[in-house]
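The opening position of the sequence shown corresponds to residue 1 in the UniProt record's numbering, with each subsequent residue numbered one higher.
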Amino acid sequence: MELHTLQAPTLNLIPMEAGLLHTDRLTSSSPNSSMLGLLATVVHSLQTSEIFSAFTSVMDHCQGVWSQTWTKGLTVECAASTTITEKTKRKVLVLDMDETLIHSKLTLDEGSPNAPFQINIPYGEKDCIYYVYDRPFVFEFLATMAKWYDLVIFTASISEYADPIIDWLEDEVKKRHATTEPTFKGRYYRQHCTYYDGIFTKDLSQINSDLREIALVDNSEFSFLVNPENAIPIRTWTHDDPSDPALMDLIGFLLALNYVNDVRSILGLRLGLENPSLQN
Numbered sequence: 001m002e003l004h005t006l007q008a009p010t011l012n013l014i015p016m017e018a019g020l021l022h023t024d025r026l027t028s029s030s031p032n033s034s035m036l037g038l039l040a041t042v043v044h045s046l047q048t049s050e051i052f053s054a055f056t057s058v059m060d061h062c063q064g065v066w067s068q069t070w071t072k073g074l075t076v077e078c079a080a081s082t083t084i085t086e087k088t089k090r091k092v093l094v095l096d097m098d099e100t101l102i103h104s105k106l107t108l109d110e111g112s113p114n115a116p117f118q119i120n121i122p123y124g125e126k127d128c129i130y131y132v133y134d135r136p137f138v139f140e141f142l143a144t145m146a147k148w149y150d151l152v153i154f155t156a157s158i159s160e161y162a163d164p165i166i167d168w169l170e171d172e173v174k175k176r177h178a179t180t181e182p183t184f185k186g187r188y189y190r191q192h193c194t195y196y197d198g199i200f201t202k203d204l205s206q207i208n209s210d211l212r213e214i215a216l217v218d219n220s221e222f223s224f225l226v227n228p229e230n231a232i233p234i235r236t237w238t239h240d241d242p243s244d245p246a247l248m249d250l251i252g253f254l255l256a257l258n259y260v261n262d263v264r265s266i267l268g269l270r271l272g273l274e275n276p277s278l279q280n
């Protein structure tokens, strides 16, 4: 498999003023940093965010053992003596679309900036025009994550609406970041959702049966009902904040999460479980 090396320019995408990442500990100048140490640094810096406020402390390094104990008796596994350049297996990062990556509306508000993209969806005898806005930093986020994860879009929307938007996102990533590689490895739509008690939820096992290797970024808590230990909540974006940093704030954490053996051992902590990955 292809080797993926963490490079300082990638990390520099993260806004330093947010205080979310200590780059002096995560650059290529420290190639022997253990993966848990990498994760610990990022999690520690994220402890004030709404998503990971439950993380109060974490072990700083693996030192060549198979597991280290977190405070409160929680255990996180990492490969012995794993270095940044030794991690080769790609996990799956599933991304919601509406209000996570983009926002669309049927009408333009007075004084609203022109939408960078629009689509026409046939509805009866007329077309519905959707004006689509990209969330701040979405193209940088996608370009970076595509180097580390297999990206999959999972939306509760129908394919006739979703596909043109996904195509546009992919085209923009390729154009802005001079790449020919596909951004997304899969697309899942409303028909793939699990309908439960009047709401659409998302079962990740149909994408990857190994739930240790998959995570979902979504603005809706309902999407996490089937696999709550694989959830990465993100604030709903409705074109209300032109400098919204939520996607960029996730980059450091996601780069580190890529190196744990079971993502549930980290993501399950927000549920208040002890050894969350052992609950299933």
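For every residue, glycine included, the Cβ atom is placed at its ideal position computed from N, Cα and C. Computed from a predicted structure; not experimentally measured.
Contacts around residue i, its chain only, beta-carbon distance under 7 angstroms, and the 5 residues preceding and following it disregarded
{"i": "L167", "result": "The amino acid at residue 167 is misidentified as Leu; the sequence shows Asp. Taken in chain order, the list of residues that qualify is empty."}
{"i": "P228", "result": "L271"}
Strand pairing of residue i, partner residues [DSSP]
{"i": "Q118", "result": "Y131"}
{"i": "V152", "result": "V94, G186"}
{"i": "E218", "result": "Checking the sequence shown, residue 218 turns out to be Asp, not Glu. Its beta-bridge partners are P233."}
{"i": "I102", "result": "D98, D134"}
{"i": "I251", "result": "Paired residues: none, contrary to the question."}
Between the CA atoms of residue j and residue i - distance to the nearest angstrom
{"i": "A162", "j": "H239", "result": "18 angstroms"}
{"i": "L106", "j": "E125", "result": "17 angstroms"}
{"i": "L250", "j": "A146", "result": "14 angstroms"}
{"i": "A156", "j": "C193", "result": "7 angstroms"}
{"i": "E245", "j": "F184", "result": "Looking at the sequence shown, residue 245 is not Glu but Pro. The alpha-carbon atoms of P245 and F184 are separated by roughly 22 angstroms."}
{"i": "N230", "j": "L216", "result": "6 angstroms"}
{"i": "V152", "j": "G198", "result": "25 angstroms"}
{"i": "L255", "j": "R235", "result": "19 angstroms"}
{"i": "T180", "j": "V138", "result": "18 angstroms"}
{"i": "L204", "j": "D134", "result": "25 angstroms"}
{"i": "I232", "j": "L267", "result": "7 angstroms"}
{"i": "L225", "j": "I214", "result": "15 angstroms"}
{"i": "L101", "j": "K175", "result": "18 angstroms"}
{"i": "I158", "j": "N120", "result": "14 angstroms"}
Residue of the options minimising C-alpha distance to residue i
{"i": "W148", "options": "A178, N258, T180, V173", "result": "N258"}
{"i": "H189", "options": "V94, K89, R90", "result": "Per the sequence shown, the amino acid found at residue 189 is Tyr instead of His. Nearest of V94, K89, R90 to Y189, Cα basis: V94."}
{"i": "D241", "options": "L225, H103, S265", "result": "H103"}
{"i": "R187", "options": "P164, Y196, S209, A178", "result": "P164"}
{"i": "N219", "options": "L247, E170, S243", "result": "L247"}
{"i": "P122", "options": "I207, E160, W237", "result": "E160"}
{"i": "M97", "options": "L108, F154, R90", "result": "F154"}
Contacts around residue i, its chain only, beta-carbon distance under 6 angstroms, and the 5 residues preceding and following it disregarded
{"i": "P182", "result": "none"}
{"i": "N208", "result": "V92, I214"}
{"i": "residue 286", "result": "One cannot answer for residue 286 here, as it falls past the ends of the chain, which runs 1 to 280."}
{"i": "K112", "result": "In the sequence under discussion, the amino acid at residue 112 is Ser, which differs from the Lys named in the question. Contacts found: none."}
Cutoff 8 angstroms; reference residue i; Cβ partners in own chain excluding five residues on either side
{"i": "F222", "result": "I199, F200, T201"}
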